[in-house]
Amino acid sequence: MAIRYGRTLITKFDTVNVSRRLLTAWGKTMSVVAREMEEEIRASIQKPYPPASKPGNPPHRRSGYLAGSVTGTGDENGIRIYEARYGRFLEGGTARMDPRPHVLPVLFTKSFAPRKKWEKRIAQLAKEFSR
């Protein structure tokens, strides 16, 4: 906002409100994307057991506890994905079991670059929520 005071132009910036609005929009964006990631991770572990999954493929569903425990939360600080404690052993494998990744393939490519679809979705939602 600019106000003319004689020959002087006084400009007032409302950066606090703009910053607050953008931070709120970013938090909403991260929250929505976290829920979408959660749904996709759950969908990847829906194939029923038996047979057991092959190494390198997502684990098959036995009791449904792992799929039910996947929770995604997001705020202005980023996205966090939580799951049952034994999920990390399935994800990374152990000395006696080969990995059955189910979280990392949803989030990243094989070269650990973020998936383009998540980048596009974040950009789309951030633009939408910041209006």
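In my numbering, the protein residues as written are 662 to 792. We treat Cβ as the ideally placed atom computed from N, Cα and C, and that holds for glycine.
- The stretch 728-743 and the stretch 671-679 do not touch, with fewer than three beta-carbon pairs separated by less than 8 Å.
- From the listed residues K715, T732, K778 and G729, the smallest Cα separation to D759 is found for K715.
- Looking at the backbone, the Cα of H763 and that of K771 are separated by about 13 Å.
- Straight-line spacing of the CA atoms in A784 and R741 works out to 18 Å.
- Residue burial annotation: V731 is buried, with at least 16 other C-beta atoms found within 10 angstroms of its C-beta.
- According to the DSSP assignment, R749 belongs to the alpha helix (DSSP H) that extends over G748 to G753.
- A contact between stretches requires three or more CB pairs, one per stretch, nearer than 8 Å, and the stretch 681-698 fails this requirement with the stretch 744-753.
- Under the three-state reduction of DSSP output, I671 falls in the strand class.
- With fewer than 16 other CB atoms across the displayed protein chains lying within 10 angstroms of its CB, T669 is exposed.
- Counting along the chain, G729 sits inside the alpha helix (DSSP H) bounded by residues Y726 to S730.
- With at least 16 other beta carbons inside 10 angstroms of its own, G748 counts as buried.
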